[in-house]
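Read in order, the letters of the sequence shown correspond to residues 0 to 606 in numbering that gives the first Met the number 0. C-beta atoms are modelled at their ideal positions from N, C-alpha and C, and glycine is treated no differently. In this text the structure is predicted, and so the values were computed from the model without any measurement.
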Amino acid sequence: MTTFASYRTKVLHLYKTANKQTSEMKSFMELKNILEQSDIRIVFQPVVSLTNAEIIGYEALSRGPKNSMLERPDALFSTAAKYDLVWELEYLCRRATLEKAKDLAPSKMVFINVDPKIINDPRFQKGQTQDMLCQFQANTGNIIFEITEKTAIDDYKGFCCILDNYTSQGYKIAIDDTGSGYSGLRTLAEIRPNFIKVDMELVRDIDKDNLKQAMLKALYDFSVSTNSKIIAEGIETQDELAALISIGIPYGQGFLLQKPLPEFSEIPGSIKQIIVELNKRKKRELYHTSMTLPVGEIAQQEQAFPSSTVGNVALDYFSQHPACQGITIVDNERPVGLLMKSKFLANLATQYGIALYMNRSIRAHMDKNPLIVAYDTPIEVVSKSALSRKDDDIYDYIIITKQDKYFGTVTIKKILEKTTQLELNRAKHANPLTGLPGNLIIEGELDKLLKENSGNYAVLYFDLDNFKAYNDVYGFERGDKVICFTAEVIQQDLHSYYNRESFLGHIGGDDFIAITRGNDVTELCERIISDFNRHIVEYYNHEDCNRGYICTKNRHGIHEDFPIMSLSIAVVTDKQRNYANILEIVETASQLKKQCKLNWQSCYCIK
């Protein structure tokens with residue numbers, strides 16, 4: 000019996016060995032035929048700008064003959080590596096790529112995958128690629144050698160010398176699969192590539208993974224400081240795309256944008272529109288505060304369930320979506336409850352939990368009074384409402400509705416993160432002296448004002464008269480105090496008249512701008528001028544105050560008497576004219592400022 004069992008084992012082993020050898024022989028013959036017949040297929044996947052949806056180039060991807068053993072690239076190249084034919088295969092792929100690329104627009108780049116071991120091959124260094132480029136009339140500046148991180152680099156010093164030779168000829172370098180390979184950060188530090196292609200595993204579900212977001216933000220900061228550009232690979236969902244754009248990743252590719260195709264294809268118009276809209280939303284955030292950004296802008300559109308759903312369905316969903324911490328219960332498109340995973344699992348863990356909840360409707364144990372807010376509610380208002388909940392409910396999802404219908408959810412964590420981000424954005428674009436919004440935010444506020452087309456507004460331009468003379472006599476430090484004082488006076492009076500329906504920005508130097516949602520600003524101007532005139536004398540010494548002027552050289556080097564500083568206010572309203580763009584407002588304000596300058600005292604002109 001033992002002898003028979005041993006015999007069967009040997010026969011089975013010989014059979015498997017024979018089958019394996021037959022399969023290997025078939026693979027070898029298939030590869031041999033591909034090389035001899037040049038039977039390789041090249042497909043192209045676009046690399047897309049995530050800021051304007053333009054295609055910057057295409058990655059060339061190789062495929063074996065259709066329906067063959069070596070159709071998949073991993074099978075194709077692993078077989079070539081087994082029989083030491085990688086050079087021959089890559090040469091064939093490179094030639095086929097460049098032959099097709101001759102039809103590509105001169106402004107587009109071609110990303111060609113190259114194994115690090117091939118670059119070390121003497122045949123690669125003999126200028127064969129350059130000869131191909133000449134033959135197909137291609138430009139070296141448009142060729143990107145994409146070095147995969149999945150293969151180890153044994154000699155960095157020698158490898159970098161070879162790459163330097165190619166970059167000096169105009170070629171560019173990309174590191175592929177960053178985050179999945181052998182050496183990671185060392186490869187980036189040694190090679191200093193033009194492009195860093197982030198592996199799809201880092202991109203997958205990045206919208207739900209804070210750790211991946213932090214890693215990609217760090218990599219993005221690294222790329223900015225080293226003048227490299229990041230390309231995110233494997234983008235498959237709109238949420239992933241939105242997260243990448245929010246971080247600032249400049250380029251991307253993946254099946255969501257376009258799959259690899261035999262021709263140089265465009266991306267769908269719908270995807271272009273999504274990219275454009277996501278960037279518009281990101282730009283709008285620069286001008287928002289936590290009191291102006293609608294909570295719906297940061298909501299996550301999660302799947303909802305009807306109240307008739309039974310417990311085991313909810314449990315299955317939580318198991319299949321581990322990042323999901325709660326589900327919204329919706330009947331007739333309106334939210335009626337919330338089921339948080341932690342509370343649901345706690346109920347199941349009780350003595351009779353399984354029997355009570357698994358086969359019963361979740362209506363019985365959902366929260367019937369969750370926090371529900373409208374899409375347009377400012378995140379600061381939502382934050383206060385969320386934090387006023389009972390301690391047990393603090394971290395429950397907040398449900399967002401749009402036109403009274405379920406739209407999505409947001410977490411308190413997301414709200415706090417966004418509030419912090421808005422404050423940082425505001426600080427980054429603020430004037431360092433006064434802390435008021437700077438020119439980028441001012442431009443955005445004016446643009447938003449005109450696009451709203453709601454009417455009934457005023458734009459006020461403030462300018463200090465005789466400020467330069469004051470600076471020359473009293474020095475820059477005292478001058479800075481005057482600027483801060485002016486900002487404080489304007490801000491206090493502006494808020495007392497218009498509360499939150501106003502905006503104040505610091506253009507620079509002694510120039511300020513304010514926007515009010517109301518075009519009757521006569522009393523406001525008189526109040527600001529009155530407060531300014533009453534306190535500005537405190538910034539002069541007694542002698543100059545009593546005299547009413549200071550003496551210093553003018554712009555021509557001649558001594559001149561300059562009166563105590565005054566404040567000019569040029570006010571542009573929509574009472575008599577609808578302004579089409581910012582330039583028209585600025586031109587009108589300039590004319591009014593000239594009128595104000597004719598008066599040596601504080602004054603205002605309104606049009």
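- If you compare the alpha carbons of Ile33, Cys604, Phe561 and Glu58 with that of Pro259, the shortest gap goes to Glu58.
- In this structure, the straight-line span from the alpha carbon of Leu187 to that of Ala217 is close to 13 Å.
- For Lys606 against Thr572, the beta-carbon gap comes to about 7 Å, under 8 Å, which counts as contact.
- For the stretch 287-363, the full-length alpha helix (DSSP H) segments reaching 4 residues or more read 310-319, 340-347 and 352-356 along the chain.
- Take Leu292, set aside five residues on each side of it, and the residues of its chain with a beta-carbon closer than 6 Å to its own are Ile378, in chain order.
- Here Thr515 is buried. Its C-beta has 16 or more other C-beta atoms within 10 Å.
- About 14 Å separates the beta carbons of Thr96 and Ile117, which is beyond the 8 Å limit, so they are not a contact pair.
- By the Cβ neighbour-count rule, His534 is exposed, with fewer than 16 other Cβ atoms within 10 Å of its own.
- Per DSSP, the unbroken beta strand (DSSP E) holding Arg62 starts and ends at Ile54 to Arg62.
- Separation of Glu537 and Ile527 (C-alpha to C-alpha, rounded to the nearest whole angstrom) is 16 Å.
- In this structure the stretch 236-247 lies against the stretch 196-215, because at least three pairs of beta carbons, one per stretch, are closer than 8 Å.
- Annotation: the continuous beta strand (DSSP E) that includes Pro45 extends over Arg40 to Ser48.
- Under the DSSP assignment, Tyr548 falls in the beta strand (DSSP E) whose first and last residues are Tyr548 to Lys552.
- Distance from the Cα of Asp204 is smallest, within the candidate group Ala173, Thr236, Pro192 and Phe194, for Thr236.
- In the displayed model, Thr572 falls within a strand according to three-state DSSP.
- Taking C-beta separations shorter than 8 Å and ignoring five residues to either side along the sequence, the partners of Val409 in its chain run Val294, Ile297, Ala298, Gln299, Val381, Tyr396, Ile397 and Ile399, following chain order.
- Here the alpha carbons of Gln44 and Glu265 stand approximately 10 Å from one another.
- Under the three-state reduction of DSSP, Leu255 is assigned to coil, being neither helix nor strand.
- The beta carbons of Ser589 and Ala569 sit closer together than 9 Å.
- In this structure, Val335 sits near Lys367, with a CB-CB distance shorter than 9 Å.
- Here Gly233 has Met199, Val202, Arg203 and Gly253 as same chain residues with Cβ atoms under 7 Å from its own Cβ, once five neighbours each way along the sequence are excluded.
- Distances from the alpha-carbon of Cys524 to those of Lys65, Thr327, Thr308 and Asp462 put Asp462 closest.
- It is roughly 11 Å from the alpha-carbon of Lys196 to the alpha-carbon of Ile172.
- Contact between Thr327 and Leu337 is confirmed by a C-beta separation of about 6 Å, below the 8 Å threshold.
- Within 10 angstroms of the beta-carbon of Cys133 lie fewer than 16 other beta-carbons, which makes it exposed.
- The closest CA to that of Asp509, considering only Asn430, Thr521 and Asn452, is found on Asn430.
- Restricting attention to Leu255, Asn278 and Leu277, the CA atom closest to the CA of Pro267 is found in Leu255.
- In this structure, Glu522 keeps its C-beta atom at 9 Å or more from the C-beta atom of Tyr539.
- Exclusion of the five residues before and after Trp599 leaves Pro562 as the residues of its chain whose Cβ lies within less than 6 Å of its Cβ.
- When secondary structure is reduced to three states using DSSP, Pro72 falls in the helix class.
- In terms of CA proximity to Gly478, Leu432 leads the group Leu432, Lys450, Lys447 and Lys25.
- Measuring C-alpha to C-alpha distances from Ala468 to each of Glu559, Gln402, Gly454 and Glu451 identifies Glu559 as the nearest.
- Remark: C-beta atoms of Ile41 and Leu69 do not approach each other more closely than 9 Å.
- Counting along the chain, Ser501 sits inside the beta strand (DSSP E) bounded by residues Ser501 to Gly507.
- When DSSP states are grouped into helix, strand and coil, Phe194 belongs to the strand group.
- Between Ser529 and Asp464, the beta carbon gap of about 16 Å keeps them out of contact (Cβ cut-off 8 Å).
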